[in-house]
Amino acid sequence: MWVGFERRDLGAIAHYTGMLVASMALLMVIPLLTALAAGEWGPALDYACGIGVAAAFGMLLAQSAPRGTHLTRRNALIVTALAWLAASLVAAVPLSLSGHYGGFLDAFFDAVSGLTTSGLTLVQDLDHLALAHNMWRHLLHLIGGQGIVVAALSVSLGLRGGGAMSLYMAEGRDERILPNVMHTARFIWFVTAIYVTLGTVVLSVSNLIQGMEAGRGVLHAFWATVACYDTGGFGPQSQNALYYHSPIFEGVTVILMFAGTLNFNLHADIWRGDRKEIFKNLEARALAINIAILSVVVGIGLAATRLFSTPGEVVRKGLYHLISANSGTGHQTLYNAGWANGYGGLAFAAIVLAMAFGGMASSTAGGIKALRLGLIAKGVVLRVRESIAPASAVVRSRYHHLLDVPLSADVLANALMLFVLYVVTYISGGMIGAAYGYPIGEALFESVSATANVGLSTGITNPAMPLGLKVVYMLQMWAGRLEFIALFVLVASAIAAVRAKRGRA
Amino acid sequence: MELRFHSPYRGWLAGLLTEIAVFAAVIIVAVVLALAAARIS
Amino acid sequence: MRRYAAALLAVVVLGCVCQPVRGFAIEPVIETTGAELASMVSGLDGQLVRFEGEVISETLAGGPGHVWVNVLSEGVAIGVWMPAEMAGELEVFGRYSHTGDTVVVTGTLSEGCDLHGGDLDVHAERLELLTRGESRERPGDIWKLGVGLAGLAMAYTGWRRMRRRADGGQA
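Protein chains in written order, with our numbering: chain P, 83 to 587; chain D, 965 to 1005; chain S, 253 to 423.
Next comes the structure, spelled out in structure tokens:
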């Protein structure tokens, strides 16, 4: 049954989308201040312009309904789906004015990639990009990682009443960590603040010892922390993590990637004092097993390439990329071309699998997610047990995720459906890349990286790539971050609306 | 399960340290596994 | 017989002595770029290479007596490891406000460096400064401020109208 649209629905959707867009204008004040503090007058003007455009566009949309308008569940899903696009659209304005992008589409690509915490980038001459623009790119990771809705709630302008909770639920964060949406948002920011502070301090010390200038050292530390904790993958330099030539930097960023891929519910449970949860939790176990198996595969694969002469090198390079891929971060200490030309074979396959599987649900990680893989594995075992057991026996399975829960057909079906959707998207994107003439392996790598919001690249993603492929990757990043459903609701509603209009005419 | 009603703010430091210890443990296990794999092949 | 042995010995000794000199004279230095070095298919692993580029990092710590300098060449930056005194001449590194020193690096490429955890890097033997870096003029466009202010004014009137409507609705 498709419920048609009324004028009121459109008004409510536009109103809330507008509010979210307007909150982007407020957030742009941070890079503006960065520019002013660093004496970067050109970029300061870019942000002055961006703020105006975002505020005007947001307010224009917001006027289509009065404040506090009720938002139904379906409309909340549509707002969420649209908000990521609309927010990216205005976020791209200052970036495109920077002169470091081939055009507005390239800047839009980076904004989508930033907000979805992917990390694929089309920026040119990154090593000469202004501090302000780098601040904005990394801030996009932070905004998108915590959730645009959570971010907007925190700078709270008019997102009150019935709308907030539905919006929050629609953003792919299925569970309520705390009973009230404001409390939940506050807790998410609390965890984030602690990890970001800790990471920034440790990496600042590391960068300063390494010999970086004070201001730059601290900013780089903050950006690296945000990019890892929000499993983003942008870096302020074209060499990404290789720029720092520091094992300490690599170690700290790996810890931050883990922190970023941990389910917020798990953070809450552990911080409440239930420390055993991390060992009992199905999702934590699934992720640990996943990493353990793929570590062995990466180890064998990279050793087989004979590019590294000691096992120590294999481990340092292999595990950094494995965890970067599995957590959906995308930081690298190898050059893009290496994936296409050097580290092929088993290690390449392991990295693609790690990206495809992804981290935990209700975190900033992308991909299929460990919880679903764990559930599917449990489901397979259950089916085998059923087949072996006598016909009269009732076979049941339970799993532990925050609570002890019986494995229901519903939960299993949902996990399988999303698994299928992800896999179909991975493969379709790979086929499209291959159709554009790229080798199928690399095209699949890039497609998985985009859909699972990872950001590792074989080099296909560059400013000179075909326009169509840029759009495809943007759609994949968007769909992957929304976990498809909100996107499908948007499409279905649009079709329903068109049909209703035709019916009336 | 009365723990679920506790505030997650009170035990944050112990929780944070637990998390970091677990991450480090996972990394060490992964390093050992990968090292063994790289050595054998 | 003894004369032959002596002659042979003389040749061997001469050969050994001359080796380093000959090695220095004809060891090929391959002119290349950062993009080629990072391609992993250059076939230059372990070879002496020379490339020109812009310094884009401070001199970063690289273990006792050594430093790292990142050099941007043809759009790809390469980490160059060198003795600290070699980098003594460097002053300006490239960033938003500055173009860095342009240098010519001569050194050995490792696609997976054993000394540095498998990094792709170049261990420099020589570093020449071509041109000194300088600060860059990057003027801004004032029209952007105009657009921004106009947008804010529009947003403000929109906000007021929305609030008035909400108040009116309640009244």
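A virtual CB, placed ideally from N, CA and C, is assigned to each residue, including glycine.
Item checked: Ala-370(P) at chain D interface by Cβ criterion, 8 Å -> By 1-based counting over the first sequence, the position of residue 370(P) is 288. For Ala-370(P), the answer is yes, since a Cβ of chain D falls inside 8 Å of its Cβ.
Next item on the list: Could you please give the first and the last residue of the uninterrupted beta strand (DSSP E) stretch that includes Ser-381(S)?
Entry: Reading the third sequence from its first residue, position 129 is the one you call residue 381(S). Residue 381(S) is actually Leu in this sequence, not Ser. Note, Leu-381(S): beta strand (DSSP E), 373 to 383.
Notebook entry, point to check: Closest by CA to Ser-178(P), which one among Ala-193(P), Ala-165(P) and Trp-166(P)?
Noted result: Locating residue 178(P) in the first sequence gives position 96, where the first residue counts as 1. It is Ala-193(P).
Margin query: I'd like to know if the region 355 to 371 of chain S and the region 346 to 361 of chain P are in contact, where contact means that at least 3 CB-CB pairs between them fall below 8 Å.
Written below: In the pairwise beta carbon analysis, the region 355 to 371 of chain S is classified as not touching the region 346 to 361 of chain P: fewer than three pairs are separated by under 8 Å.
Next item on the list: Just mark Val-293(S) as buried or exposed, buried being the case when its beta carbon has 16 or more other beta carbons within 10 Å.
Entry: For the purposes of this step, residue 293(S) is identified with residue 41 of the third sequence, where counting begins at 1. By the C-beta density criterion, Val-293(S) is exposed, having fewer than 16 other C-beta atoms within 10 angstroms.
Next item on the list: Quick one: list the residues of chain D neighbouring Val-336(P), beta-carbon separation under 9 Å, in chain order.
Entry: As a working note, residue 336(P) is residue 254 in the first sequence. Against Val-336(P), the close residues of chain D are Phe-987 and Ile-991, in the order they occur along the chain (beta-carbon pairs closer than 9 Å).
Checklist line | Closest Cα partner of Ala-130(P) within the set Gly-140(P), Ala-117(P) and Met-141(P) | finding: Counting from 1 along the first sequence, the entry for residue 130(P) is found at position 48. Selection Gly-140(P), Ala-117(P) and Met-141(P) evaluated against Ala-130(P) yields Ala-117(P) as nearest (Cα-Cα).
Next item on the list: Report yes if the C-beta distance between Leu-457(P) and Val-487(P) is below 8 Å; otherwise report no.
Entry: In the first sequence, counting from the first residue as 1, residue 457(P) sits at position 375. In the first sequence, counting from the first residue as 1, residue 487(P) sits at position 405. Cβ atoms of Leu-457(P) and Val-487(P): not closer than 8 Å.
Note to self: Tell me the rounded alpha-carbon separation between Leu-285(P) and Ala-303(P).
What the structure shows: Position 203 of the first sequence, counting from 1, holds the residue named residue 285(P). Position 221 of the first sequence, counting from 1, holds the residue named residue 303(P). Roughly 5 Å separates the two Cα atoms.
Item checked: Contacting residues, own chain, Cβ-Cβ under 6 Å from Ala-516(P) (five flanking each side not counted) -> Sequence index remark: in the first sequence, residue 516(P) carries index 434 (1-based). Only residues of its own chain outside the window of five on either side were considered, and among them Ile-522 and Ala-525 have a CB closer than 6 Å to the CB of Ala-516(P), listed in chain order.
Next item on the list: Kindly list, in the order they appear in chain S, the residues whose Cβ is closer than 7 Å to that of Ala-138(P).
Entry: Position 56 of the first sequence holds residue 138(P). What Ala-138(P) touches in chain S, judged by beta-carbon distance under 7 Å, is Gly-403, Met-406 and Ala-407, going in chain order.
Item checked: Cα-Cα separation, Arg-298(P) to Ala-370(P) -> Along the first sequence, read from residue 1 onward, the residue named residue 298(P) stands at position 216. Along the first sequence, read from residue 1 onward, the residue named residue 370(P) stands at position 288. C-alpha of Arg-298(P) to C-alpha of Ala-370(P): approximately 36 Å in a straight line.
Notebook entry, point to check: Can you check whether the CB of Gly-370(S) is closer than 8 Å to the CB of Glu-468(P)?
Noted result: Along the first sequence, read from residue 1 onward, the residue named residue 468(P) stands at position 386. Along the third sequence, read from residue 1 onward, the residue named residue 370(S) stands at position 118. Result no, Cβ atoms of Glu-468(P) and Gly-370(S) do not sit closer than 8 Å.
Margin query: Can you tell me whether Asp-188(P) is buried or exposed? The criterion is at least 16 other CB atoms within 10 Å of its CB, across all chains shown.
Written below: Within the first sequence, residue 188(P) is the residue found at index 106, counting from 1. So Asp-188(P) ends up on the buried side.
Next item on the list: Might you give, ordered along the chain, the residues of its own chain that have their beta carbon closer than 8 Å to the beta carbon of Phe-87(P), omitting 5 neighbours on each side?
Entry: Sequence index remark: in the first sequence, residue 87(P) carries index 5 (1-based). Ser-575, Ala-578, Ala-579 and Ala-582, listed in sequence order.
Checklist line | Backbone secondary structure at Arg-347(S) - three-state DSSP | finding: As a position in the third sequence, residue 347(S) is number 95, starting the count at 1. Arg-347(S) carries a coil assignment under DSSP once its states are collapsed to helix, strand and coil.
Next item on the list: Mind listing the chain D neighbours of Phe-272(P)? Cutoff is C-beta to C-beta under 9 Å, in chain order.
Entry: What you label residue 272(P) is simply residue 190 of the first sequence in a count that begins at 1. Contacts between Phe-272(P) and chain D, judged by CB atoms closer than 9 Å, involve Pro-972, Tyr-973 and Trp-976 in chain order.
Notebook entry, point to check: When the Cβ atoms of the region 373 to 391 of chain P are set against those of the region 993 to 1005 of chain D, are three or more pairs found closer than 8 Å?
Noted result: The region 373 to 391 of chain P, when compared against the region 993 to 1005 of chain D, does touch it at the 8 Å Cβ threshold.
Checklist line | Short-range partners of chain S found in the region 295 to 324 of chain P, where Cβ spacing is below 8 Å | finding: Cβ contacts with chain S: Glu-295, Arg-298, Gln-319, Ser-320, Gln-321 and Leu-324.
Next item on the list: Kindly indicate the opening and closing residues of the alpha helix (DSSP H) around Pro-176(P).
Entry: As a working mapping, residue 176(P) is identified with position 94 in the first sequence. In the DSSP annotation of this structure, the continuous segment of the alpha helix (DSSP H) that includes Pro-176(P) starts and ends at 155 to 179.
Note to self: If I follow the unbroken alpha helix (DSSP H) through Val-263(P), where does it start and stop?
What the structure shows: For the purposes of this step, residue 263(P) is identified with residue 181 of the first sequence, where counting begins at 1. Looking at the DSSP string, the run of the alpha helix (DSSP H) that includes Val-263(P) is 263 to 292.
Check: Whose Cβ in chain P lies nearer than 7 Å to the Cβ of Tyr-348(S)?
Finding: Against the third sequence, residue 348(S) aligns to sequence position 96. The CB of Tyr-348(S) comes closer than 7 Å to the CB of Glu-122, His-210, Leu-211, Ala-212 and Leu-213 in chain P, given here in chain order.
Note to self: Strictly below 7 Å CB to CB, what residues from chain P border Ala-418(S)?
What the structure shows: Here residue 418(S) is taken as the residue at index 166 of the third sequence, counted from 1. Here the neighbours are Pro-148 and Arg-149.
Item checked: Below-8 Å beta-carbon distance, Pro-113(P) vs any chain S residue -> To locate residue 113(P), count along the first sequence from 1; it is residue 31. It does not: the Cβ of Pro-113(P) has no partner Cβ on chain S nearer than 8 Å.
Checklist line | Between the CA atoms of Ala-429(P) and Leu-389(P) - distance to the nearest angstrom | finding: Numbered from its first residue, the first sequence carries residue 389(P) at position 307. Numbered from its first residue, the first sequence carries residue 429(P) at position 347. Spanning the alpha carbons of Leu-389(P) and Ala-429(P) requires a straight line of approximately 12 Å.
Next item on the list: For Leu-114(P), collect the residues of the same chain with a Cβ closer than 8 Å to its Cβ; drop the 5 residues on either side in sequence, then sort them by chain order.
Entry: By one-based count along the first sequence, residue 114(P) stands at place 32. Counting only residues of its own chain and dropping the five nearest sequence neighbours on each side, Leu-114(P) has a CB closer than 8 Å to the CB of Ala-126, Tyr-129, Ala-130, Ile-133 and Ala-214.
Notebook entry, point to check: Quick one: does Arg-398(P) have its CB under 8 Å from some CB of chain S?
Noted result: Within the first sequence, residue 398(P) is the residue found at index 316, counting from 1. Chain S contact via Cβ: present.
Next item on the list: Give the straight-line distance between the Cα atoms of Glu-528(P) and Leu-211(P), rounded to the nearest whole angstrom.
Entry: For the purposes of this step, residue 528(P) is taken as residue 446 along the first sequence, with counting starting at 1. For the purposes of this step, residue 211(P) is taken as residue 129 along the first sequence, with counting starting at 1. Between the C-alpha atoms of Glu-528(P) and Leu-211(P) there is a straight-line separation of about 25 Å.
Notebook entry, point to check: Taking just the CA atoms, how far does Ala-138(P) sit from Ala-405(S)?
Noted result: Stepping through the third sequence from its first residue, residue 405(S) is reached at position 153. Stepping through the first sequence from its first residue, residue 138(P) is reached at position 56. C-alpha separation (whole angstroms): 8 Å.
Notebook entry, point to check: Leaving out five residues before and five after Gly-400(P) in sequence, what residues of the same chain have Cβ atoms less than 7 Å from its Cβ?
Noted result: Here residue 400(P) is taken as the residue at index 318 of the first sequence, counted from 1. Listed in chain order, the non-local C-beta contacts of Gly-400(P) below 7 Å within the same chain comprise Val-380, Gly-381, Leu-384 and Ala-429, local neighbours out to five positions each way being set aside.
Notebook entry, point to check: Between Thr-351(S) and the rest of its own chain, which residues show a CB-CB distance below 7 Å, the 5 nearest in sequence each way excluded?
Noted result: Reading the third sequence from its first residue, position 99 is the one you call residue 351(S). Same-chain partners within the cutoff: Glu-306, Gly-385, Glu-386 and Arg-388.
Notebook entry, point to check: Any chance the region 310 to 325 of chain P sits against the region 458 to 478 of chain P, with 3 or more Cβ pairs inside 8 Å?
Noted result: Touching, no.
Check: What's the gap between the Cα of Leu-296(S) and the Cα of Val-434(P)?
Finding: One-based indexing of the third sequence puts residue 296(S) at position 44. One-based indexing of the first sequence puts residue 434(P) at position 352. Going by the C-alpha atoms only, they are around 28 Å apart.
Note to self: In this structure, how does DSSP classify Arg-357(P) when only helix, strand and coil are distinguished?
What the structure shows: Translated into positions along the first sequence, residue 357(P) becomes position 275. If DSSP states are grouped into helix, strand and coil, Arg-357(P) belongs with coil.
Check: In whole angstroms, what is the alpha-carbon distance linking Met-965(D) and Val-283(P)?
Finding: Looking up residue 965(D) in the second sequence gives position 1. Looking up residue 283(P) in the first sequence gives position 201. The pLDDT assigned to Met-965(D) is 44, lower than 50, so where the model puts this residue is not dependable, and the model offers no usable value.
Notebook entry, point to check: Does the count of Cβ pairs from the region 215 to 226 of chain P and the region 337 to 344 of chain P closer than 8 Å reach three?
Noted result: Contact between the region 215 to 226 of chain P and the region 337 to 344 of chain P is not established, with fewer than three Cβ pairs separated by less than 8 Å.
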